[in-house]
Each structure stands twice: as C-alpha cells, then as structure tokens.
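Numbering (the working numbering), first residue to last: 68 to 319.
Written as structure tokens, this is what we have:
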C-alpha cells in the first residue's frame, strides 16, 4: 500500500491544537454565540485550561476516559477542550439516554471523571453508587450540595491556573475520543478514534471546504454524533463562531 508523504505526517497535530492556534491569533474573536451570550476564544481558552488542570489533579492523562453529560453550551465546549488539553479521551453521553443505557456505558468505559451539568447532580450520584470502579465528578454551572474529594464544581474550576498544562507523554496514536453506535441492532459498541485520525480529518476539511474566517457554524447534532467533530473543531480551525442548538425544533 502507498505510504503517506512524510512531510504531510509532520504537519499533523493534536485535535485541540487547531483551537489553540486560533485562540493565540485572535483571542478577542467570538468562539461561541449561545443565543446572544457570547464567549471569546481567549475566554474559552482560559476556562478549558482550568478544566484541564483540574482533570490532571484527578489523574487524567493519555487514554484516560472522561465522560461529558451536559447541554450544548460554552461550558460543554470548554470541557471537551479541557479533556484534550489534559491528554485525555473525551466520551460524549446524552441527557436523553435512559438510566440503563447510561449505567451500561459508564460500567463499560470505567471513566476517570464524569463532567456533568449541575441539574443532573442527583442522577450522576445515583449512577456512581451502582458502578464499580467509582469515578470522580465535576459539576458544571454550580458547586455540589455536599463536599467530597471526588465531587467538585465551579469553585474548584475557578481555583485552577489558566495557562496550558504540559502533557509531554501524549502522542498522535493516543485516543482523542470514543463514540458509541446507536445500539439499535444490539449492544452499543464504542468506536475508538485516535488523535492521528482527527488530525488527518481536520487537515482535509481545511483543504476541501475552504470556509472563510469568521463564518458561523450551527451545532445542531448531539455531541454523541460524529458530525459534531466537524462542527466544533473545523469551526475553531477557521476562526469561526459556533452556535449551539439544543431544541428539537425552531420557529423562524
């Protein structure tokens, strides 16, 4: 088989690097527009770095699974970026999944951390009691009602450094994310995607689509569907603005 050109392989970088390059170049540009609530690249970079440091404190590193269970918003995006910056592998879960499916996925994945919005605090704590080994929990949007070593929230995120953590042992052969099949014909199966795969995909997107800087990208599909990788990372790659859609239908 034909081997890829060595100069092409040297251009490959990590999934989050495309965002970081844009954040360095245009920190005041709008990275997310959530129905008029805007977040700049600089602000999203800062928060994602804080999330990354907190994840590192919980032992997150290359190939460690971190699940994300939130609505589509800037906090979700900072969480995904933070997982990657910590060297980890992000795994999207859906708020629409029934309890049994969430239990199965968490039992299968054995995540190091689950990042969940505060409205689902009781749900995730109940799941944690049913699953072994136990996982750490980061609440998004608020602080937990009870203090635990394994349960933290917004105060813990704010206490972290805003600079990028150094993750020297991450390679392009490490996992970037895991996405599960629908399970409509049986048990859901996890598809493991490496950093190298996403880097090649994003490189091809830039060559093929040639979208102008500052374009607006609608993030309509759930994070549990592969098109979200294009929506998020190609948007940030070209300095675009991501617009999250959470409702089933919209009236114009």
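Note that the Cβ used here is the ideal one computed from N, Cα and C, for glycine as well.
Every value quoted in this text rests on a predicted model; they were computed, and no experiment measured them.
Item	Value
Please state if the CB of residue 306 and the CB of residue 108 are separated by a distance shorter than 9 Å.	yes
Could you tell me whether the Cβ atoms of residue 94 and residue 289 are closer together than 9 Å?	no
Below 8 Å on the Cβ atoms is my contact criterion, and I expect residue 131 with residue 149 to pass it. Report the Cβ-Cβ distance as a whole number of Å.	Not really, about 13 Å apart at Cβ, beyond 8 Å.
Sort 295, 81, 250, 277 by Cα distance to residue 167 and report the nearest one.	250
In its own chain, which residues sit with a C-beta less than 7 Å from the C-beta of residue 200, not counting the 5 before and 5 after it?	177
Give the single residue among 162, 234, 294, 259 whose Cα lies nearest to the Cα of residue 120.	234
Grab me the residues of residue 118's own chain with a C-beta within less than 7 Å of its C-beta, minus the 5 sequence neighbours each way, in chain order.	145, 146, 149, 224
What is the DSSP secondary structure of residue 254, reduced to helix, strand or coil?	coil
Between which two residues does the alpha helix (DSSP H) harbouring residue 234 extend?	Counting along the chain, residue 234 falls outside any alpha helix (DSSP H), and DSSP gives it neither H nor E.
In three-state DSSP terms, what is residue 83?	coil
For residue 258 versus residue 268, is the C-beta spacing smaller than 9 Å?	no
Taking just the CA atoms, how far does residue 276 sit from residue 124?	39 Å
Return the chain-ordered ranges of every beta strand (DSSP E) run that is complete within the region 121-196 and spans a minimum of 3 residues.	132-136, 156-159, 180-184
From 238, 161, 203, 110, pick the residue whose C-alpha is nearest to that of residue 86; which is it?	110
Here's the rule: buried if 16 or more other CB atoms are within 10 angstroms of the residue's CB, otherwise exposed. What is residue 256?	exposed
Where residue 171 and residue 137 are concerned, what is the direct C-alpha to C-alpha distance, given to the nearest angstrom?	18 Å
Cα separation between residue 81 and residue 112?	15 Å
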